[in-house]
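Chemist: According to this note's numbering, the sequence shown is numbered sequentially starting from 93. Pasting a structure below so you can have a look.
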Amino acid sequence: MASRLMPLLLLLAMIAMETSGKLEECKGKFIITKTWPGGFEVAMRVPVEKATRQWIIAIKPKVKLLTANFWSGYFKKKTPKKIVVASKDWAGNKRPGEIIDGGFVLKFGDRTKGPKQVIKEPIIFKLYYKDGSEPTICKMPFRKSGPEPEPEPEPEPEPEPEPEPEPE
């Protein structure tokens, strides 16, 4: 009985955290790698700081989702208002220093809208640990593909003027 209640309790906790609006931004990224009318592809990269056993993503669509393909996860819940995806066993078990690396494709019926018009941000990301400690719950904004911006270099100090020689 208790094992059947656990997923429901976890989902309720996730929804409570989601609605509190006080989530920190995740250390990882969801990078939009491709877009087309009515859909887009996202790469997911999340650094792992301690041994993990599972991750969960919660997405709230603004328009009807037609199809989705999660490369390293499966649908835990799929309604018109919420999509919850959990990692497959092999994708959730990571050691410190590894990267959770995966992605997904979402296709919507409205062929004129881009990712930010069809998904309510932020996407909620939840990471469970093998040691049983409290899971990390954070928000994951979309980023566009391409290199990270380079930090601005510090300006070079102006050279000190050399004194002019005195006439003889």
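For every residue, glycine included, the Cβ atom is placed at its ideal position computed from N, Cα and C. Predicted model only: the values in this text are computed from it and were never measured.
(1) Which of helix, strand or coil does DSSP assign to residue 155?
(2) Along the chain, which unbroken stretches of the beta strand (DSSP E) at least 3 residues long are found entirely within the stretch 161–206?
(3) Would you mind giving the Cβ-Cβ distance between residue 199 and residue 171, rounded to the nearest angstrom? I have them listed as a contact below 8 Å.
(4) Can you pull the DSSP bridge partners for residue 138?
(5) Ordered along the chain, which non-local residues of its own chain (more than five positions away) have a Cβ less than 8 Å from that of residue 57?
(6) Take residue 180 as the anchor and find which of 207, 188, 167 and 223 has the nearest alpha-carbon.
(7) Figure out for me which residue from 128, 176 and 137 has the closest Cα to the Cα of residue 119.
(8) Could you please give the first and the last residue of the uninterrupted beta strand (DSSP E) stretch that includes residue 126?
(9) Which of the three DSSP states, helix, strand or coil, is assigned to residue 231?
(10) For residue 121, I'd like the list of residues in its chain whose CB is within less than 6 Å of its CB, leaving aside the five on either flank, ordered along the chain.
Modeler: Looking at the atomic coordinates:
(1) Along the sequence shown, read from residue 1 onward, the residue named residue 155 stands at position 63. Note: residue 155 maps to coil in three-state DSSP.
(2) 165–170, 175–179 and 191–200
(3) For this step, residue 199 is matched to residue 107 along the sequence shown. For this step, residue 171 is matched to residue 79 along the sequence shown. That pair is no contact at about 17 Å.
(4) As a position in the sequence shown, residue 138 is number 46, starting the count at 1. Paired residues: 192.
(5) Past the boundaries of the shown model lies residue 57; the chain is included only from 93 to 260, so the question cannot be answered.
(6) In the sequence shown, counting from the first residue as 1, residue 180 sits at position 88. When only C-alpha atoms are compared, the closest one is 167.
(7) The sequence position of residue 119 within the sequence shown is 27, counting from 1. Ranking the options by Cα distance to residue 119, first place goes to 137.
(8) For the purposes of this step, residue 126 is identified with residue 34 of the sequence shown, where counting begins at 1. Boundaries of the beta strand (DSSP E) around residue 126: 121–128.
(9) On the sequence shown, residue 231 is found 139 positions in, with the first residue counted as 1. Reduced to three states, the DSSP call for residue 231 is strand.
(10) On the sequence shown, position 29 is the one that residue 121 refers to. Once the five neighbours on either side are set aside, the close Cβ partners of residue 121 are 137 and 235.
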